[in-house]
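*Asks:* This is the structure I have questions about; it appears just below.
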Amino acid sequence: MNIYQRSAQHAVGGLLFVMVLCSILNGLWPLFPRYMAGATGWLAAILLATSIPAAQRVQGIAMLVVGSAGLIYGLASGVDVNFEKAISTNQAMLAMLASVSFLRLVTQPAIGDESLPMGSKPLWRTLFGVHLFGSVINMSSIVIIGDRLSANRPMTPLQACVLSRGFAMAACWSPFFAAMGIALSNAPGAQLTTLSLIGLPVALFALLLTGWELTRKGKADQFHGYPMQFTALWIPGLLAVLLMLLHHLWPTIPILTLISLLALSVSLLLLLLKYRVAGFTAYQQHIRLGLPKMSGELLLFLSAGVLATGIAVAIDASKVSFGISQFGAYEASLILICMVVVSVLGIHPVISIATAGGIFSPLGADPNLLGITFLMTWAIGVSTTPLSGLHLMIQGRYNIRALTLLRLNAGFATVMMGCAVVVMHGYELWML
Numbered sequence: 001m002n003i004y005q006r007s008a009q010h011a012v013g014g015l016l017f018v019m020v021l022c023s024i025l026n027g028l029w030p031l032f033p034r035y036m037a038g039a040t041g042w043l044a045a046i047l048l049a050t051s052i053p054a055a056q057r058v059q060g061i062a063m064l065v066v067g068s069a070g071l072i073y074g075l076a077s078g079v080d081v082n083f084e085k086a087i088s089t090n091q092a093m094l095a096m097l098a099s100v101s102f103l104r105l106v107t108q109p110a111i112g113d114e115s116l117p118m119g120s121k122p123l124w125r126t127l128f129g130v131h132l133f134g135s136v137i138n139m140s141s142i143v144i145i146g147d148r149l150s151a152n153r154p155m156t157p158l159q160a161c162v163l164s165r166g167f168a169m170a171a172c173w174s175p176f177f178a179a180m181g182i183a184l185s186n187a188p189g190a191q192l193t194t195l196s197l198i199g200l201p202v203a204l205f206a207l208l209l210t211g212w213e214l215t216r217k218g219k220a221d222q223f224h225g226y227p228m229q230f231t232a233l234w235i236p237g238l239l240a241v242l243l244m245l246l247h248h249l250w251p252t253i254p255i256l257t258l259i260s261l262l263a264l265s266v267s268l269l270l271l272l273l274k275y276r277v278a279g280f281t282a283y284q285q286h287i288r289l290g291l292p293k294m295s296g297e298l299l300l301f302l303s304a305g306v307l308a309t310g311i312a313v314a315i316d317a318s319k320v321s322f323g324i325s326q327f328g329a330y331e332a333s334l335i336l337i338c339m340v341v342v343s344v345l346g347i348h349p350v351i352s353i354a355t356a357g358g359i360f361s362p363l364g365a366d367p368n369l370l371g372i373t374f375l376m377t378w379a380i381g382v383s384t385t386p387l388s389g390l391h392l393m394i395q396g397r398y399n400i401r402a403l404t405l406l407r408l409n410a411g412f413a414t415v416m417m418g419c420a421v422v423v424m425h426g427y428e429l430w431m432l
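Note that the UniProt record's numbering gives residue 205 to position 205 of the sequence shown, counting from 1, and the numbers run on in steps of one.
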């Protein structure tokens, strides 16, 4: 890395931290312009353009082109175009992702005995550990646990399967997951409490199904699990309790704002209490070096905001009708299946969700049902497609073949789609 690139990286870190602060200010005080956070994020994305992987850059540019075409078409047709929305749609979610990344500074699972325990019990502990740990600090959990599992021997496909499913299913319910931010952004009016309460049993079913499947017929006898002490998960638990408490006390404050505020403040407080001045230095270091590492998701989610806004504007301008008089569980089930299939083919769920949100939100769809559809799509799609960021990292870092992951998770994904369909029909009956 040359001097210019290093300076640009440090500048980007500062810009992203300012983006987070602007987003929090907008959530606490709506009169503060939302475009400040969006514009700061876009400036950071431009500075990071050369460091973004080619595949993500192509996806981002494609979404920008399609979204911009929709905005131009709307302008030409005389429709009012909200450009602030176009550049700022996902700013709160990006601020949440950036804030949550600070938690890795204070959340390290306790290891205890250096040897890796073997058998069914360690498999279950690893499965639930990566799920609960990952539900707060996201992809960092895969690196921390995966590196430990592969320290002295190659990671096995069974271990990769446990990491993949355990982590991905947190998308069903975790308020700290990118999936929840995307669902809330693209299904305006959806309630966090409702989505989490519905998604949590689905995630539990997925974990129990995985554990049962992988421990049958002695499959787990040679499984080396992570020596995790579950007392290390008190920070994720504390954050979840604080989040629900603050949401109850101040329901008008956006949930993504509360998450960002909690993640920033709790991580800084714990660092200062434990390390004092060195903790503050680590916090600053993460701003300069850690935040710029989210370059790929930064462009992806900003572009998805332009895409969703452009599609909505184009639909409004063309007066197109999709022949849908209602959006119920049947329609949601069809959309879920289509989006999961598209994910397996290599289209990131954020793209299909942004597209579906742009189409169905203006039609008056039940936002909670739409949000449930998006969460299930993300969880199942990410756990299945070999081209998701999760699986690409497992493939590249731990030398697990893409087709191996697809083969291991294909049947699981089919069962989970059936489970999601049942849940969405159950939600519809409950709402009648």
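For every residue, glycine included, the Cβ atom is placed at its ideal position computed from N, Cα and C.
Note that this is a predicted model, so its numbers are computed, not measured.
1. Going by beta carbon distance, what residues of the same chain come within less than 7 Å of residue 164, once the five residues before and after it are set aside?
2. Given a cut-off of 9 Å, decide if residue 268 and residue 258 are closer than it, judged by their beta-carbon atoms.
3. How far does the alpha helix (DSSP H) with residue 409 in it reach, from first residue to last?
4. Quick check on residue 112: buried or exposed, where buried means 16 or more other Cβ atoms within 10 Å of its Cβ?
5. Confirm, please, whether the CB-CB distance from residue 398 to residue 150 is below 9 Å.
6. Taking contact to mean 3 or more Cβ pairs, one atom from each stretch, closer than 8 Å, check whether the segment 68 to 78 and the segment 297 to 314 are in contact.
7. Compute the Euclidean distance between the alpha carbons of residue 120 and residue 170, then round it to the nearest angstrom.
8. Among 43, 138, 333, 378, whose alpha-carbon lies nearest the alpha-carbon of residue 344?
9. Taking only runs of the alpha helix (DSSP H) that begin and end inside the segment 87 to 128, which ones reach a length of at least 4 residues, in chain order?
10. Which stretch, first to last residue, makes up the alpha helix (DSSP H) that contains residue 310?
11. Contact defined as beta carbons within less than 8 Å: I believe residue 380 pairs with residue 14. What is the distance between those atoms, to the nearest angstrom?
12. Look at the alpha carbon of residue 64 and the alpha carbon of residue 122, and state the distance between them as a whole number of angstroms.
13. Tell me the DSSP secondary structure of residue 131 in three-state form.
14. Taking all protein chains shown into account, decide if residue 20 is buried (16 or more other Cβ within 10 angstroms of its Cβ) or exposed.
15. Report the residue from 158, 329, 376 whose alpha carbon sits nearest the alpha carbon of residue 429.
16. By how many angstroms is the C-alpha of residue 130 removed from the C-alpha of residue 341?
17. From residue 213 to residue 38, what does the alpha carbon distance come to, in whole angstroms?
18. Let's see if you can read the secondary structure: which residues bound the alpha helix (DSSP H) around residue 248?
19. Exposed or buried, what is residue 103 when buried is set at 16 or more other beta-carbons lying within 10 Å of its beta-carbon?
20. Rounded to the nearest angstrom, how far is the Cβ of residue 301 from that of residue 350, given a contact under 8 Å?
21. When you compare only the Cα positions, how much space is there between residue 332 and residue 192?
22. If residue 292 sits next to residue 48, beta carbons under 8 Å apart, how far is it from one beta carbon to the other, in whole angstroms?
23. What number of angstroms, rounded off, separates the C-alpha of residue 202 from the C-alpha of residue 424?
24. What residues are listed by DSSP as bridge partners for residue 224?
25. Taking just the CA atoms, how far does residue 338 sit from residue 358?
26. By the DSSP assignment, the alpha helix (DSSP H) with residue 46 in it spans what residues?
27. Measure the Cβ-Cβ separation of residue 511 and residue 90 and say whether it is below 9 Å.
28. The alpha helix (DSSP H) that contains residue 186, what's its start and end?
29. Would you tell me roughly how many angstroms separate the C-alpha atoms of residue 182 and residue 335, rounded to the nearest one?
30. Give me the Cα-Cα distance between residue 248 and residue 255, rounded to the nearest whole angstrom.
31. With burial defined as no fewer than 16 other Cβ atoms inside 10 Å of the residue's Cβ, what is the status of residue 190: buried or exposed?
32. Between 278, 67, 209, which has its C-alpha nearest residue 416's C-alpha?
33. In chain order, what residues of the same chain lie with their CB nearer than 6 Å to the CB of residue 275, ignoring the 5 residues before and after it?
34. Output the distance between the C-alpha atoms of residue 215 and residue 356, rounded to the nearest integer angstrom.
35. Which word fits residue 261, buried or exposed, when buried means at least 16 other C-beta atoms lie within 10 angstroms of its C-beta?
36. Could you tell me if residue 431 is buried or exposed, where buried requires 16 or more neighbouring beta carbons within 10 angstroms of its beta carbon?
*Replies:* Put simply:
1. 383, 390, 391, 394, 405, 409
2. no
3. 402 to 431
4. Its pLDDT being 46, under 50, residue 112 is placed unreliably in this model, and the coordinates cannot settle the point.
5. yes
6. yes
7. 21 Å
8. 378
9. 91 to 100
10. 295 to 318
11. With a Cβ gap of about 37 Å, residue 380 and residue 14 do not count as contacting.
12. 45 Å
13. helix
14. buried
15. 329
16. 26 Å
17. 44 Å
18. 234 to 249
19. buried
20. 6 Å
21. 19 Å
22. 6 Å
23. 11 Å
24. 118
25. 16 Å
26. 35 to 47
27. Beyond the ends of the chain as shown, which are 1 and 432, falls residue 511; an answer cannot be given.
28. 178 to 186
29. 16 Å
30. 10 Å
31. buried
32. 209
33. none
34. 38 Å
35. buried
36. exposed
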